[in-house]
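Peer 1: Residue numbering for the sequence shown follows our numbering, beginning at 11 and increasing consecutively. For every residue, glycine included, the Cβ atom is placed at its ideal position computed from N, Cα and C. What you are looking at is a predicted structure, and each value in this text was computed from that prediction instead of being measured.
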Amino acid sequence: AESEEARKQAARKVARTARFYWSPAGSISVRPSVAGPNQRIDVSWRIPISEVSVSSFNRRESISAESYDWIGLFRSRKRIDQSDGHILSREIKGQSNVIFSDRDNQKYAVGSLHLRTPRGVGEYDFRYFKASDILEDRGQELEQGDGSDEAHEAVKLPLARSAPVVVEVQGAALYEAIEFVENNLDDDKRMSNATSQLATLIGQIKTLRRPLLQDLKGNSQNGRRGGGRDRNNRNQHRRHNQSDKRVE
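Here's what the structure looks like:
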């Protein structure tokens with residue numbers, strides 16, 4: 011029991027240190043940064059080839075490789091040292107191209123994927139992981155306690171992390187988002203996640219209230235102005251008719 015507790019404490023220590031010292035080796039960009047649920051999104055990356063697996067840019071090597079680099083979609087609140095719990099993932103099998111940068115005299119693996127945003131509203135980000143991306147591969151030197159070797163191997167860090175991608179309700183997407191949350195609320199295993207999504211969705215709906223009320227108020231005022239103009243036109247028409255009668 012003591013050794014198990016020591017292992018857990020060591021794992022937590024390594025994870026905290028990993029989060030503190032982590033820095034991106036490359037970059038990931040996402041377009042657009044704000045979108046509705048289940049919308050197309052373009053994910054691009056630029057990472058030094060010394061950091062990525064050969065199979066990510068060498069198509070021949072990708073055929074025989076046993077594991078691959080991968081990009082995962084995570085909720086932004088997910089800690090950087092947790093590689094599990096991703097919403098979706100895509101393996102990079104020879105899809106990167108190699109370019110040479112004159113600025114820093116270095117080669118980079120660059121590529122892009124066409125993906126779709128999740129159906130749940132909220133903030134997400136994309137993270138690029140190497141096929142065997144554990145702390146040892148990144149050259150991190152961390153203090154270790156008893157049993158920390160196992161914890162060390164369990165901590166995986168991404169090579170890059172994108173800026174947050176905001177998925178929000180937009181027009182008819184509101185109904186799809188509500189349906190998605192409703193289906194998840196019926197699943198006990200997804201209850202916690204669905205509750206969080208529902209809170210986010212309600213918050214976004216509240217932000218829509220003000221512009222909608224302004225639109226309604228503006229339309230109402232325009233209607234009153236229009237009604238006033240109609241009455242003026244009718245009165246002018248009557249006066250013209252009366253004057254025509256007097257002329258006759």
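Using the rule of at least 16 other Cβ atoms within 10 Å of the residue's Cβ for burial, across every protein chain shown, is Y31 buried or exposed?
Peer 2: Counting Cβ neighbours within 10 Å, Y31 comes out exposed, since fewer than 16 surround it.
Peer 1: Expressed to the nearest angstrom, what Euclidean distance is found between the alpha-carbon atoms of K166 and S66?
Peer 2: The straight-line gap from Cα to Cα measures roughly 18 Å.
Peer 1: Of the residues Q49, V177 and Q19, which one's Cα is nearest the Cα of V131?
Peer 2: With distances taken between Cα atoms, V131 lies closest to V177.
Peer 1: To the nearest angstrom, report how far apart A35 and A45 are at their CA atoms.
Peer 2: Their backbone Cα atoms lie some 27 Å apart in a straight line.
Peer 1: Taking the alpha carbon of K140 as the reference point, which residue from N194, I81, K88 and V108 has its own alpha carbon closest?
Peer 2: Checking every option, the nearest Cα to that of K140 belongs to I81.
Peer 1: In terms of residues, what are the limits of the alpha helix (DSSP H) holding R69?
Peer 2: Where R69 is concerned, the enclosing alpha helix (DSSP H) stretches over R69 to S74.
Peer 1: Is it buried or exposed for R22, if we count other Cβ within 10 angstroms and need 16 for buried?
Peer 2: Looking at its Cβ environment, which holds fewer than 16 other Cβ atoms inside 10 Å, R22 is exposed.
Peer 1: Would you decide whether R129 is buried or exposed? Buried here means 16 or more other CB atoms lie within 10 Å of its CB.
Peer 2: Counting Cβ neighbours within 10 Å, R129 comes out buried, since at least 16 surround it.
Peer 1: Is L169 helix, strand or coil when you go by DSSP?
Peer 2: Looking at L169 - three-state DSSP - the assignment turns out to be coil, as it is neither helix nor strand.
Peer 1: Is DSSP giving A21 helix, strand or coil here?
Peer 2: In the structure shown, A21 sits in a helix (DSSP, three-state: H, G or I).
Peer 1: Note down, one range per segment and in chain order, each beta strand (DSSP E) of at least 3 residues found wholly within the segment 84-122.
Peer 2: Listed in chain order, the complete beta strand (DSSP E) runs (minimum 3 residues) inside the segment 84-122 are 98-102 and 107-111.
Peer 1: Just list the residues that DSSP pairs W80 with in beta bridges.
Peer 2: Note: W80 sits in a beta bridge opposite E101 and F139.
Peer 1: Do you know how far the Cα of T127 is from the Cα of I51?
Peer 2: Computed Cα separation, rounded: 6 Å.
Peer 1: List the endpoints of the continuous beta strand (DSSP E) containing P58.
Peer 2: From DSSP, the beta strand (DSSP E) with P58 extends over R50 to P58.
Peer 1: Can the beta-carbon of A16 be found closer than 9 Å to that of R56?
Peer 2: No, the Cβ-Cβ distance between A16 and R56 is not below 9 Å.
Peer 1: Kindly confirm or deny that the segment 87-98 and the segment 60-74 touch, where touching means at least three C-beta pairs closer than 8 Å.
Peer 2: Contact fails: fewer than three Cβ-Cβ distances are below 8 Å.
Peer 1: Select from G95, N107 and D114 the residue whose C-alpha is nearest the C-alpha of S54.
Peer 2: That would be N107, whose Cα lies nearest to the Cα of S54.
Peer 1: Suppose the cutoff is 6 Å on Cβ atoms and the five residues either side in sequence are ignored; what does the same chain contact list for P174 look like?
Peer 2: Excluding residues within five positions, the ones whose Cβ falls inside 6 Å are S86, E133 and D135.
Peer 1: Using the beta-carbon count (16 or more within 10 Å), is D196 buried or exposed?
Peer 2: By the neighbour-count rule (16 or more Cβ atoms within 10 Å), D196 is not buried but exposed.
Peer 1: If you follow the beta strand (DSSP E) that V175 is part of, which residue opens it and which one closes it?
Peer 2: Residues V175 to V177.
Peer 1: Cα separation between V191 and L123?
Peer 2: Going from the Cα of V191 to the Cα of L123 covers about 27 Å.
Peer 1: Apply the 10 Å Cβ neighbour rule to D79 and answer buried if 16 or more other Cβ atoms are within range, or exposed otherwise.
Peer 2: By the neighbour-count rule (16 or more Cβ atoms within 10 Å), D79 is buried.
Peer 1: Output needed for S72: all residues of its chain with C-beta closer than 8 Å, excluding positions within five of it in sequence on either side, in chain order.
Peer 2: Closer than 8 Å at Cβ, skipping near neighbours: S65, S66, Y78, K103 and G104.
Peer 1: Between which two residues does the beta strand (DSSP E) harbouring S37 extend?
Peer 2: Unbroken beta strand (DSSP E) run through S37: S37 to R41.
Peer 1: Check E189 in the structure and name its three-state DSSP category.
Peer 2: Reduced to three states, the DSSP call for E189 is helix.
Peer 1: Since P47 and K117 should fall inside the 8 Å C-beta cutoff, what is the C-beta to C-beta distance between them, to a whole number of angstroms?
Peer 2: No, P47 and K117 are not in contact; Cβ-Cβ is about 38 Å, not under 8 Å.
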